[in-house]
Structures are given as C-alpha cells and as structure tokens.
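Residue numbers (the UniProt record's numbering): 1 to 952. Glycine residues also receive a C-beta, built at the ideal position from the N, C-alpha and C atoms. For reference, the structure is listed below as structure tokens.
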C-alpha cells in the first residue's frame, strides 16, 4: 500500500482468497472476480510507474486518474474485507447451552448466505467502476502524457544561492568551518611527512542546514593552496556524463572550455579525469550527493597520488556519508546564532534588535526553526516589514506552504527534493508522520506496528514485518528526514521527532492526497467527509466526532488517532466500523465511559488506549477482534484476549490472564506491573511463544527454584528472542540449577536486562563467541574476578554495560595488542569505583580497577597532575559516559588533599561523568573539595566532559 496506489497492491491476494477459499461463490460471481483480477493486473503496473514519478511532475490528468483509482481501491478493499469478516465470523460464543449454540449456528448460515448475495452485487458495482477507470486511461491517452512538458525557461535551483553567498553574510559558520578544517588536516600535521594520502570528509545533515554554504566557505578558504580545484553540485536528478564534464571544466576551464560540446561516455571521462589529476594536488567538493552508487562512480576518477589532496562531499544520507569518507555531522545553529541570524535577516542591519530581550513570539519562532538556517531565513522573510504586534498572528496563521513568499517556496522546494527521492513505500511511511502533533516524541515500536497495521509494509519471504519496518525507520533517519531520539541513560534508539518544516510539508501533501485528515488543521482544505480515510484529532475536546451526522458521513474512516483529547459519552468514534487502527494516546475519558462497542470493530489490527485519570474497563468483547495484531492498553486484561490468535504485540500494565501460551503468533510481550497471578504457570506458558522477539516483564515476589527452572526451560525454546528484560523485585539466582540446565542464550539476542537477578558468579551463558549481537547488558554478579571482567570485555557488539558486583576486580596489563577490551562500549554504569592507571611511563599497558569500597584499595594514592594529556588507549576507546560510585577516601592523595586523578586521560572519547561520591558523616567542606577535584579532572580533559556527579 502506498500514497499513490492506495490498497491496489493488496487486492490481488484477497481476490485469489475469494476464488480458492471455501466461500461458495456463485458461478457468475466467480467469473466477475476473475475478470476483476485481470483488470487489476493491467492497472497496477501503470499506477506503480506513476508512483515513481515526483507528484509535482505528473500531468494533471494523470493525477486525477490516479486519485480515482486510489479511492476506488480503498472502497474495493473495504468491500472484500467486510465480506471476509462476515463469512469467517468474528465473535466468540461463550454460552455453552446446546439450544443457543444451535440457534447461533443457524443464524450464522443465514448471515453467510446474505453476505454472499451482498458481495455479488458489490463486485458487480466494482467491476463497472473499474471498467470506467480503465476506459478513462485509454480515452485521455494517459500512458503518453504521464509527465508535464518541460517549461520553456528553466527555474533556478534555490540551493545555488548558498554557493554564491559572501562569507561576511554567514552567521554561525565559523565554528563548523574550523571543525571541518581540522578534520581535513588532522592526518597531515607534519608537513614534511612522506605519507600525504588524500583526505575525504563528508558533511551530512538535513536539507536547509547549510551544508553547501559550509563546504563553499571551506573551499574558498583553501583552494589557493592547491594546484587545481572544483566545486560541483550534483542533485537528485543527475547525469554522470554532465557531472564529470563539470568537474573537468572547473578544474581547468581554459583547457576544457569546449568539454560540454564533446560526445564522451562515462568511461572515457573517468580516464580523462584520472590522467589530469595524476600528478596534481587537488581540492574537489562534490555537493549534494544522493546515492552511494553515484559516489562510487565519482570515486573511480579520484586519484590517490600521495600529494595531500582533499575531497569534501555533502549529503543528506548517512549511508552516502559513510561511503565517501570520514563523517562530519553538521549541527544546528546555537540559540544565540539563531537569534542573530533571525534579526539580521529581519532588519538587514547587524546590530538592530540584537540587544533587545527576545519576546515570547521570537522564542516560539526560533523553536519552530530548531536551528535550521533556511527555516530561520524563511520565517524572517515572512515577518519582514510587519510590526512586532502582528508577529503572533502571522506565526499562528502561516505554515511554510501557505504563502506566496519566494523564500518559503524555496524552503519547501529544497525539502521536497528529499521527499520525492524516496521510493514509494518510504514516502508513504514518512507521510504517515503527519498524524502526530508538532514536536511530538514518536515511539519507534508503536510507529512501526502502525505501519504494519495500515498495510504499508509488504512482507518478504524469511523476513519479519517488524524487521522490515525497522529498516524503513532507519532509512528515514539516514536520509535526515526524521530526527533520531536516543535514551539519555542507555543510548538505545527510542523513537524520533519530525522537524516542524518537514511536518508542514507532510501535512500539505497529506491534505492534497486525502491521506490523513487532521481535525483543527487546515480544515478548509480537508476532503469531503464521505472520503475521509484516516482521521487525527489533536489537543482538544473531541467535539468534532460527537455528532450523529458526522459519524454517518464518515463511514470510510479506517484509522482514528487522538492525542491529548478529552473523550466524553457523546463521542462516536467507536461507530467507525471499518477501523483498522485505533490509537488513543494521553487522553482523558469522562467518568463512567464504556468501551463495550470495541468488540464490534472487527477490522481492527491496531488498538492502543493510553489515558490520564480514571480508566474505562476493558470489555470481554475484545476477544472478538480476530484480526488484531497490536494490543497496547492500560487496565485489567479480560480473559478473552487469549482467543486473539493473530496477535503479534501485547503491551499491558496489568497481569496477563491464564492461557497466554495460546497466543503462538506473539512477537512482543511487555507487562509492566507483574507478569501474572500465577507466575509459575506464566513461566511455563512462555515455552509455547516460539516467535517471541521481545520479552519484558516484572515480578514482585521474586522467583523460587522451581519457577526459575521453568523460566530457563522456556527461554531455551525462544530461539528468535532478541530482547529480554526482567524487572520488579530481585531474584536470588540458583546458579547451580542454571548451570546444570546447560542453558545457552540465542545468537540473535541484542538486549539482556538481568540487573535484578543476583548471580553468585558470572553465568556461563554469557559467552562472547555465542553472543555476537549483544549490545546492551544489565547484570548483577556477586563475585567476579579478572577473568570474568575480561570475558565481558570481549563481547564484540557491547555498547552499554550496567554492572553491579560486590567484588573488587582488576583487569591488569591491557596493552595495544589486546584489541578486544570493550572496543565498542559507549556507556558504562556500575556501583564500583572505577580507576585507570599506567604502571610506569615505559610500560604502555593500562590497568582497570573496580573497587567495592570495602576491601583494600587495589591502587595506590595518586597526586594531582594538571598537565596530563589524553593517552591513546585500547581500554574502552569509545566510552562516552561513565557512571560510578566513588568512596571519598579513594580521592585522598599523599598530602591529605583531594585528587581527581582517576585516569580519565585513558578515555579519549569521554563526554560525560556521572555518579555519586559516597561521603556519609563527612563535613560539607570536604565533600565539596572532593567534587571540585573530580570537576577539575574533567576540565583538564580535552573533551571537557559534562560533570554530573553529586554527594550522597
């Protein structure tokens, strides 16, 4: 399913299901279904071609036809799904009375017979509608006029402005320029060195961030130092022949002045470029690269001649950046630079307004722009010439797409390049984000499961739908279209946010294509009620869906989402009978509100209800929702959920009922407050859930030996598990039982949260050779030794470690030959005191000490040394955050002063120091002195790590 093709792609399999399933269609209906299937086979390839063309380039007649097909496809799918649901049945019969059972079966026979008559009539209507659509395609010769004719005069690419700005006009570019220059020169500090290899750096960031501007500023600053140089922009729709000709022309315009008039292929041009560059020291900027394969072709022409040449690329795609050199991620402007740019562009005078304290509306404007220079310039151009008293009105009433302002048009054009470069399936997934409010945190897992429920992810043999969805999500991140949100405490990807400018563009496109209707947003441009397919409701009382007339007129709604709304007894959304997605988030319900009609929404694939205040009771009728894939709810789960055999994801606050083992399709199970009233049975039933990818649950009474045995046995069956998290109250692990069971963790595991299972020693299932993907580990091991610590250090993918131990451990003599000591670890959290030290200047090996604060200190007293420098080390070379406890006496030096010299110089990537100084019954002045000593240690580190330590 996509924005352009609608549900057309899913209709073929459903028609085949009708033909080959046991639905007893009349002979005439079967022929109509076969004819309909053939017609769809004819239309779909052409519509797929249409979806590959940027929407703004399509002929208007083609657009109208595509919209007609799309709407027809949704109607067809609704008809087919309704028939299938009616015939296959949906409701559970909980009454065991034989008479009532017989009456029910008789009623079902009549219902199915009526359904067959209805489908016959509706398929006839569909066939006529599709024939009309096909005739229109022939009538208007759409195959011949797919794209608009090119304009007689070409429009200037708005990105060209960045190439010709004077450096004096730029704000905030100095720091970025210095950082980029440093990266370009870092391998050639010694100008007499014989090894002067070519240096390649790629600048990556979202559209409008100033990548071209930065690259041009650095190019202008350095180009005089090289024999030749070229600055060439490629763009999304490039011609490699033209690209290579442009590079040659810019490198030597005198000798290549006629290059554009010559007939030469790519291979010949690459050879010509290599010959030209062979003995030269050159500086080339390739601006706006969109694809890895484009860069790979260009790279063939770049000669490594040991003359210290430089190459810069700019791109919006992280994959392209990684392929084309060392990556420089361009940051947004700081608040001060954003304010300066805003008022400079507004007034055209550097100092005017700058000394004024910014008011609330200026703050809102800069928040919306989020440090994106193009957005700031655009907003300034919209407000130029207007008195400040009108700014609020302009801000509230104008989106980036609702004005004739040229700057705003340029902004939307630049952003739209990224959108139209996406393949159709990613355009659809990105457009779906227009459902969410501004600056909203979008949880990754929920978003992907909604994509699945909407049918946006086409399954591939051997690949789970969620894994495909993760690839889609990561692709949008890598293309700089959504902003990654990581957990602040463990670095895991939690979700994303959408930049306000991108959201404006998505809402505009969504509205134009009747993809999503947002109540309260651009209501004037909303489609007719009868054609609304997806409805979003944000931040208000749910008054828009209270009326009988509105509900009656919106019978085609297949997705309803409400954010931060008040839902009262008049609300009618439960009467949208075709709903596939129902997402109620952060809403409050009127007291006494009932949800029993949920069981009538037989098409539901995704149901999420998360609320404030009093919670409505979840009805037993939930068991009727046989197509449900995701159930994410608060409140007590009814026993009937064990009949939801299609369920893939279950997230609940309360305990699950008995029979959870029947949900054999489950891939994700999360239970916040206690796993079950009968935890032993719960542990046994887990063994049946062999498709589980995620398991997270709490126990609040621990787990005895028998329960642990059941848990270990069940885990042994879960060979597809990737995420295990156990929380709540502590367990005392029966280590002998775990070892006797010969338990082995599955290879796909990448997250293991066992910080509340207290192991007496490191369990043998933590094995680096068998856990190549384990990236996050939380562990409680009472007794550890050096061998255990070095074993953990060899986990090849480990990037986050939460380790609690009661032991004092030293990993000694770690040297440069040992390249397996926490090589990828980015965050380390422990209850132990951590200290790094080098035995002497001659010995380059380093020791890591972890002290429990009670045993004898495993390291000698140290003295302050403010001149110490970061020493390249193979001990945690990528560690960015260290969180640990420090006993006060560990900081005392030989002179009874406090010393923060704990070996931070051996952590070259350190960005943050967290933790607690344990100093009970110690005068405040001494506590402050100890904190100051550690703060000083951070200050002398070249990264100046953020200091977040506190006193106990």
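(message) Less than 7 Å separating the Cβ of residue 728 from some heavy atom of the ligand SAM?
(response) For the ligand SAM, the structure offers nothing, since it holds no ligand at all.
(message) Considering just the uninterrupted stretch of the alpha helix (DSSP H) at residue 679, what are its terminal residues?
(response) The residue given as residue 679 occupies position 679 in the chain shown. Run containing residue 679: 679 to 685, per the alpha helix (DSSP H) assignment.
(request) Can you give me the start and stop residues for the alpha helix (DSSP H) that residue 364 sits inside? (result) On the chain shown, residue 364 is found 364 positions in, with the first residue counted as 1. Counting along the chain, the alpha helix (DSSP H) containing residue 364 begins and ends at 360 to 369.
(request) Indicate the three-state DSSP secondary structure (helix, strand or coil) for residue 429 in the structure shown. (result) Indexing the chain shown from 1 puts residue 429 at position 429. Residue state, collapsed to three classes: helix.
(request) Starting from the N-terminal side, write out each stretch of the alpha helix (DSSP H) that is 4 residues or longer and does not extend beyond the region 438 to 512. (result) List check, alpha helix (DSSP H) in window: 444 to 454, 465 to 478, 500 to 512.
(request) State the start and end residues of the unbroken beta strand (DSSP E) segment that holds residue 537. (result) On the chain shown, residue 537 is found 537 positions in, with the first residue counted as 1. Per DSSP, residue 537 belongs to the beta strand (DSSP E) from 534 to 538.
(request) Give me the Cα-Cα distance between residue 942 and residue 296, rounded to the nearest whole angstrom. (result) On the chain shown, residue 942 is found 942 positions in, with the first residue counted as 1. On the chain shown, residue 296 is found 296 positions in, with the first residue counted as 1. Straight through space, the alpha carbons of residue 296 and residue 942 are spaced by roughly 36 Å.
(message) By the three-class DSSP mapping on this structure, what secondary structure does residue 127 have?
(response) Locating residue 127 in the chain shown gives position 127, counting from the first residue. DSSP places residue 127 in helix when its eight states are reduced to three.
(request) Note down, one range per segment and in chain order, each alpha helix (DSSP H) of at least 4 residues found wholly within the region 547 to 610. (result) If we require 4 residues or more, the alpha helix (DSSP H) runs fully inside the region 547 to 610 come out as 548 to 553.
(message) Please state the DSSP three-state secondary structure of residue 281.
(response) Along the chain shown, one-based indexing puts residue 281 at 281. DSSP, read as helix, strand or coil, puts residue 281 in coil.
(message) Out of 560, 315, 648, 213, which one is the CA nearest neighbour of residue 294?
(response) Taking the first residue of the chain shown as 1, we reach residue 294 at position 294. Selection 560, 315, 648, 213 evaluated against residue 294 yields 315 as nearest (Cα-Cα).
(message) Could you give the first and the last residue of the continuous beta strand (DSSP E) run that contains residue 373?
(response) For this step, residue 373 is matched to residue 373 along the chain shown. Element bounds for residue 373: not the beta strand (DSSP E) but the alpha helix (DSSP H), 373 to 383.
(request) To the nearest angstrom, report how far apart residue 216 and residue 177 are at their CA atoms. (result) Residue mapping note: residue 216 aligns to position 216 of the chain shown, counting from 1. Residue mapping note: residue 177 aligns to position 177 of the chain shown, counting from 1. Going from the Cα of residue 216 to the Cα of residue 177 covers about 10 Å.
(message) Could you give the first and the last residue of the continuous beta strand (DSSP E) run that contains residue 922?
(response) Taking the chain shown and counting its residues from 1, the one referred to as residue 922 is at position 922. It is not in any beta strand (DSSP E) - residue 922 carries neither H nor E in the DSSP assignment.
(message) So, with DSSP's three-state summary, where would you put residue 859?
(response) Against the chain shown, residue 859 aligns to sequence position 859. The three-state secondary structure of residue 859, taken from DSSP, is coil.
(message) Just to confirm before moving on: does the CB-CB distance between residue 361 and residue 324 stay below 8 Å?
(response) Position 361 of the chain shown holds residue 361. Position 324 of the chain shown holds residue 324. Judged by beta-carbon spacing, residue 324 lies beyond the 8 Å limit of residue 361, meaning their Cβ atoms are not closer than that value.
(request) Determine the DSSP secondary structure at residue 948, reduced to helix, strand or coil. (result) The residue you call residue 948 lines up with position 948 of the chain shown. In the structure shown, residue 948 falls within a strand segment according to DSSP collapsed to helix, strand and coil.
(message) Out of 769, 577, 610, which one is the CA nearest neighbour of residue 597?
(response) Sequence index remark: in the chain shown, residue 597 carries index 597 (1-based). Measuring C-alpha to C-alpha distances from residue 597 to each of 769, 577, 610 identifies 577 as the nearest.
(message) Once the 5 residues before and after residue 366 are set aside, which same chain residues still bring their CB inside 6 Å of it?
(response) Stepping through the chain shown from its first residue, residue 366 is reached at position 366. Excluding residues within five positions, the ones whose Cβ falls inside 6 Å are 338.
(request) Taking only the alpha-carbon atoms, compute the straight-line gap between residue 759 and residue 769 and give it to the nearest angstrom. (result) Translated into the one-based positions of the chain shown, residue 759 becomes position 759. Translated into the one-based positions of the chain shown, residue 769 becomes position 769. Looking at the two C-alpha atoms, the distance is approximately 21 Å.
(message) Whole angstroms are fine: how far does the CA of residue 731 sit from the CA of residue 299?
(response) Taking the chain shown and counting its residues from 1, one reaches residue 299 at position 299. Taking the chain shown and counting its residues from 1, one reaches residue 731 at position 731. Each residue's Cα considered, the two are about 57 Å apart.
(message) According to DSSP, is residue 17 part of a helix, a strand, or is it coil?
(response) Working through the chain shown from its first residue, we reach residue 17 at position 17. In the structure shown, residue 17 sits in a helix (DSSP, three-state: H, G or I).
(request) Answer yes or no: do residue 822 and residue 876 have a C-beta to C-beta separation smaller than 8 Å? (result) Here residue 822 refers to the residue found at position 822 when the chain shown is read from its first residue. Here residue 876 refers to the residue found at position 876 when the chain shown is read from its first residue. Yes, the Cβ-Cβ distance between residue 822 and residue 876 is below 8 Å.
(request) Could you have a look at residue 735 and say whether DSSP puts it in helix, strand or coil? (result) For the purposes of this step, residue 735 is identified with residue 735 of the chain shown, where counting begins at 1. Helix at residue 735.
(message) Which of the three DSSP states is assigned to residue 876 in this structure?
(response) For the purposes of this step, residue 876 is identified with residue 876 of the chain shown, where counting begins at 1. Residue 876 carries a coil assignment under DSSP once its states are collapsed to helix, strand and coil.
(message) If I measure Cβ to Cβ from residue 477 and keep anything under 6 Å in the same chain, skipping five residues before and after, which residues do I get?
(response) Against the chain shown, residue 477 aligns to sequence position 477. Excluding sequence neighbours, residue 477 sits near 484.
(message) For the region 5 to 15 against the region 42 to 53, do three or more pairs of beta-carbon atoms, one drawn from each stretch, fall closer than 8 Å, so that the two count as touching?
(response) Taking 8 Å as the limit for Cβ pairs, the verdict is that the region 42 to 53 does touch the region 5 to 15.
(message) Pairs of beta-carbons, one from the region 260 to 272 and one from the region 442 to 456, closer than 8 Å: are there three or more?
(response) Contact between the region 260 to 272 and the region 442 to 456 is absent, with fewer than three C-beta pairs closer than 8 Å.
(request) Going by DSSP, name the residue or residues bridged to residue 646. (result) Reading the chain shown from its first residue, position 646 is the one you call residue 646. According to DSSP, residue 646 bridges with nothing at all.
(request) Spatial neighbours of residue 574 within its chain, please: CB distance less than 8 Å, with the 5 preceding and 5 following residues excluded, ordered by chain position. (result) Residue 574 sits at position 574 when you count from the first residue of the chain shown. The residues are 595, 597, 598, 600, 601.
(request) Ignore the nearest five residues each way along the sequence and tell me which others in residue 830's own chain have a CB closer than 6 Å to its CB. (result) The count along the chain shown starts at 1 and reaches residue 830 at position 830. Within its own chain, the residues whose Cβ lies closer than 6 Å to the Cβ of residue 830, once the five positions on either side in sequence are excluded, are 803, 884, listed in chain order.
(request) Would you verify that the beta carbon of residue 668 is, or is not, closer than 8 Å to some beta carbon of chain D? (result) Looking at the structure shown, chain D is missing, and only one protein chain is on hand.
(message) Please tell me whether residue 234 and residue 289 are closer than 8 Å, where the distance is taken between their beta carbons.
(response) Taking the first residue of the chain shown as 1, we reach residue 234 at position 234. Taking the first residue of the chain shown as 1, we reach residue 289 at position 289. Yes, they are a contact pair.
(request) Could you pull out every residue in the same chain whose Cβ sits closer than 7 Å to the Cβ of residue 922, ignoring the five residues on either side in sequence? (result) As a working note, residue 922 is residue 922 in the chain shown. Cβ within range, chain order: 888.
(message) Is the separation between the beta-carbon of residue 898 and that of residue 933 shorter than 8 Å?
(response) In the chain shown, the residue the question calls residue 898 occupies position 898. In the chain shown, the residue the question calls residue 933 occupies position 933. In this structure, residue 898 sits near residue 933, with a CB-CB distance shorter than 8 Å.
(message) Helix, strand or coil, according to DSSP, for residue 658 in the structure here?
(response) As a working mapping, residue 658 is identified with position 658 in the chain shown. Residue 658 sits in coil when the DSSP states are folded into three classes, being neither helix nor strand.
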